[in-house]
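The opening residue of the sequence shown carries number 1 in my numbering; numbering runs sequentially from there. Reviewing the structure listed below.
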Amino acid sequence: MTEETQAQPLNPYDEVPYGGQTVPLAHPERLALAAMKRGLSPAPPDRCRILELGCAEGGNVIPLAFHLDRCELVGVDGSAVQIDKATEARDRLGLDNLELVHADFMELPDDLGTFDYILCHGVFSWVAEDVRAKILDLCASHLSEHGVAYISYNCAPGWAIRAQMRRALMERVKGVSDPEQRIRRVREVLSWMADSPIKDTPWGRLLAEEAKGVWSHRPAYLVHEYLSPENRPFYFREVTEAARAHGLRFLAELTRATTDPRLEDAFRASFGAHVEDPEEAEELAELFLFRAFRCSLFVRGDAPLGGPEDGPHPELMDRVRMTGSLAPESKRVSLEPKVHEFFRANGVRISADDAVLKAALVEIGRAWPASLSLSEIEERVVALLELRRVLAPGEPPSAAQLSAMRDDLMGLTRYDVLEQRLLDPPIVDRAGETPRVSALTRLQAEAAPWVTTPHHRVVPLDAFTRLLVRYLDGARGRAELAQRMKPYAESGEVSLTLEDGSALGPEDLDEVIPKLVDASLDALASRGVLV
Numbered sequence: 001m002t003e004e005t006q007a008q009p010l011n012p013y014d015e016v017p018y019g020g021q022t023v024p025l026a027h028p029e030r031l032a033l034a035a036m037k038r039g040l041s042p043a044p045p046d047r048c049r050i051l052e053l054g055c056a057e058g059g060n061v062i063p064l065a066f067h068l069d070r071c072e073l074v075g076v077d078g079s080a081v082q083i084d085k086a087t088e089a090r091d092r093l094g095l096d097n098l099e100l101v102h103a104d105f106m107e108l109p110d111d112l113g114t115f116d117y118i119l120c121h122g123v124f125s126w127v128a129e130d131v132r133a134k135i136l137d138l139c140a141s142h143l144s145e146h147g148v149a150y151i152s153y154n155c156a157p158g159w160a161i162r163a164q165m166r167r168a169l170m171e172r173v174k175g176v177s178d179p180e181q182r183i184r185r186v187r188e189v190l191s192w193m194a195d196s197p198i199k200d201t202p203w204g205r206l207l208a209e210e211a212k213g214v215w216s217h218r219p220a221y222l223v224h225e226y227l228s229p230e231n232r233p234f235y236f237r238e239v240t241e242a243a244r245a246h247g248l249r250f251l252a253e254l255t256r257a258t259t260d261p262r263l264e265d266a267f268r269a270s271f272g273a274h275v276e277d278p279e280e281a282e283e284l285a286e287l288f289l290f291r292a293f294r295c296s297l298f299v300r301g302d303a304p305l306g307g308p309e310d311g312p313h314p315e316l317m318d319r320v321r322m323t324g325s326l327a328p329e330s331k332r333v334s335l336e337p338k339v340h341e342f343f344r345a346n347g348v349r350i351s352a353d354d355a356v357l358k359a360a361l362v363e364i365g366r367a368w369p370a371s372l373s374l375s376e377i378e379e380r381v382v383a384l385l386e387l388r389r390v391l392a393p394g395e396p397p398s399a400a401q402l403s404a405m406r407d408d409l410m411g412l413t414r415y416d417v418l419e420q421r422l423l424d425p426p427i428v429d430r431a432g433e434t435p436r437v438s439a440l441t442r443l444q445a446e447a448a449p450w451v452t453t454p455h456h457r458v459v460p461l462d463a464f465t466r467l468l469v470r471y472l473d474g475a476r477g478r479a480e481l482a483q484r485m486k487p488y489a490e491s492g493e494v495s496l497t498l499e500d501g502s503a504l505g506p507e508d509l510d511e512v513i514p515k516l517v518d519a520s521l522d523a524l525a526s527r528g529v530l531v
């Protein structure tokens with residue numbers, strides 16, 4: 001090793017890798033939908049070129065490459081350790097549509113070509129000013145005409161308390177180089193903050209709540225979020241002005257400022273009549289709702305962007321699909337007009353009394369975890385209403401009723417009751433006799449207690465299911481799967497108990513394990529993991 005090599009500073013992500021992370025929002029399908037709503041004609045998300053800046057160990061770009069096998073993808077990261085891990089996973093899966101590059105963003109060649117979608121998650125706030133400028137330059141120079149860039153960053157209002165916590169934590173680890181010792185000190189300080197003498201004061205309660213939330217994060221997150229030499233939160237206008245200076249234009253925001261969409265909508269409506277500039281409205285909402293994080297979308301400055309009021313091209317909306325884990329509260333939903341029925345999805349309770357809308361919600365719930373196009377929903381609605389004799393055969397809902405149904409469904413997507421999709425990946429909603437998950441799912445379960453579905457959702461796995469997934473290759477029946485799982489219970493690698501909390505005896509395993517296998521398979525099917 002030469003002196004020059006020895007003098008090179010160690011990349012902090014080589015020392016403490018951040019790990020793989022699937023980001024459901026960082027998917028070209030989401031970006032394409034946002035572009036369509038502003039009148040653009042983005043590239044089909046399953047036939048496009050994708051660049052990810054800061055791909056780490058490939059937690060996001062590898063699932064994209066696996067499930068979007070007709071796309072070309074490039075992942076770039078400055079950590080050799082992380083790129084090596086990503087390369088190993090790519091090669092095990094045989095992905096020939098993914099190029100992984102170990103490089104400093106500042107040194108990327110100009111001949112990368114154009115990309116339809118550029119993703120940059122968890123980088124912008126955590127790098128130096130010149131690197132941030134380079135990220136914006138790369139997006140502006142390598143986006144296609146209707147291309148979309150995704151950039152996430154911390155926001156100044158919501159980081160007011162966290163910035164003070166970060167400063168205190170960094171003071172506590174000054175002079176400490178060992179990562180494990182740094183983490184121990186950080187957790188000590190966080191524990192004190194959560195139970196300090198001022199915990200019953202207004203400020204103390206805020207501090208304690210934040211400290212408890214931060215303490216629960218994994219070590220790599222604590223190191224790179226709170227101990228990183230670079231972590232700058234931004235005001236929204238700072239980012240949009242910087243983007244404009246580099247030839248980009250704000251398109252849309254993918255995240256909300258609060259967990260209650262109704263509260264945010266009411267707040268925006270309260271000042272909406274006085275604020276015409278959408279960027280000013282975003283900034284006001286950011287300030288007073290204490291937004292802490294954004295996932296913002298940008299397009300080229302010369303992109304033929306319509307205003308928010310223009311809406312999408314009608315022919316593009318025909319491509320939209322709807323999905324949602326809707327569960328009716330009634331065992332048999334009444335489809336009679338003006339009879340209220342209630343549905344639940346993602347913790348939200350909604351009411352509907354219109355026959356057409358109720359039928360649509362029933363059919364979307366039945367299709368879950370798959371999605372339905374709007375035309376498929378209409379066909380199923382007509383069939384269901386005729387079956388229930390709410391409509392006479394040959395007398396379908398009027399055009400006005402179907403249009404109102406579409407508007408209502410679109411409205412429910414604002415409240416996370418329904419989700420819009422463009423793609424319809426192959427999944428199954430029942431396990432069958434020889435259940436199967438993808439090679440990607442089996443590989444992910446080896447390394448982490450979560451997997452990525454074909455819809456780019458993250459599904460956590462309990463210890464039993466995580467081991468079971470390894471055997472779901474479509475070649476084993478349920479009886480064999482139960483036999484495969486029995487040794488894990490016998491050895492104690494998986495801890496199983498009866499309903500009263502007592503330990504299972506050997507005589508119980510033959511009865512209990514097949515039931516657990518069935519329950520795990522049902523859960524995997526309901527979450528869209530089986531293929």
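Note that the Cβ used here is the ideal one computed from N, Cα and C, for glycine as well.
If you draw a straight line from the Cα of residue 470 to the Cα of residue 480, it is about 13 Å long. Secondary structure at residue 460: strand, using DSSP grouped into helix, strand and coil. Under a 10 Å Cβ-count criterion, residue 114 is classified as exposed, with fewer than 16 other Cβ atoms of the shown protein chains found around its own Cβ. With contacts defined as CB atoms closer than 8 Å, residue 405 and residue 356 qualify as a contacting pair. In this structure, the beta-carbon distance from residue 161 to residue 210 falls below 8 Å. Here residue 98 carries a strand assignment [DSSP, helix/strand/coil]. Look at residue 203 here: in three-state DSSP terms it is helix. Taking C-beta separations shorter than 6 Å and ignoring five residues to either side along the sequence, the partners of residue 344 in its chain run 327, following chain order. Annotation for residue 221: the continuous alpha helix (DSSP H) segment containing it runs 219–226. Relative to residue 124, the option among 235, 198 and 408 whose CA is nearest is 235. Taking each of 88, 146, 76 and 337 in turn and checking the Cα distance to residue 120, the smallest one comes out for 76.
By the 16-neighbour rule on beta-carbons within 10 angstroms, residue 60 is buried. Between the beta-carbon of residue 34 and that of residue 45 there is about 11 Å, and that puts the pair past the 8 Å contact cut. The alpha-carbon separation between residue 140 and residue 321 amounts to approximately 30 Å. Taking 8 Å as the upper bound for CB-CB distance, residue 324 and residue 364 are in contact here, some 5 Å apart. Beta bridge pairing from DSSP links residue 328 with 343. Residue 54 and residue 523 have their alpha carbons spaced roughly 33 Å apart. Inclusion of residue 217 and residue 126 in the CB contact set at 8 Å is not warranted, their separation being larger than that value. Burial is judged here by how many other beta carbons sit within 10 angstroms of a residue's own beta carbon; residue 89 has at least 16 and is buried.
Residues of the same chain with a CB within less than 7 Å of the CB of residue 466, apart from the 5 flanking positions on each side, are 445 and 449 in chain order. Under the three-state reduction of DSSP, residue 214 is assigned to helix. In this structure residue 195 is exposed. Its beta-carbon is surrounded by fewer than 16 other beta-carbon atoms within 10 angstroms.
A direct Cα-to-Cα measurement between residue 171 and residue 149 gives close to 36 Å. Just measuring C-alpha positions, the residue of 493, 447, 254 and 288 sitting nearest residue 420 is 254. Under the 8 Å Cβ criterion, the stretch 11–23 does not count as touching the stretch 425–441, having fewer than three qualifying pairs. When only Cα atoms are considered, residue 20 and residue 80 end up about 14 Å apart. Exposed is the label assigned to residue 277, since fewer than 16 other Cβ atoms lie within 10 Å of its Cβ. If only uninterrupted beta strand (DSSP E) runs of at least 3 residues are considered, those enclosed by the stretch 359–443 are 419–421.
Rounded to whole angstroms, the separation of the alpha carbons of residue 187 and residue 176 is 14 Å.
In the DSSP annotation of this structure, the continuous segment of the beta strand (DSSP E) that includes residue 73 starts and ends at 72–77. Taking the Cα of residue 428 as reference, the smallest distance to any Cα among 249, 129 and 531 is reached at 531.
Cβ atoms of residue 64 and residue 108 stay farther apart than 8 Å, at about 20 Å.
In this structure, 399 is the residue among 131, 399 and 28 with its C-alpha nearest to the C-alpha of residue 375. Looking from the CA of residue 408, the closest CA among 24, 168, 242 and 358 belongs to 358.
The closest CA to that of residue 353, considering only 362, 346 and 340, is found on 340. If you look at residue 322, you'll find it in the beta strand (DSSP E) that goes 321–323.
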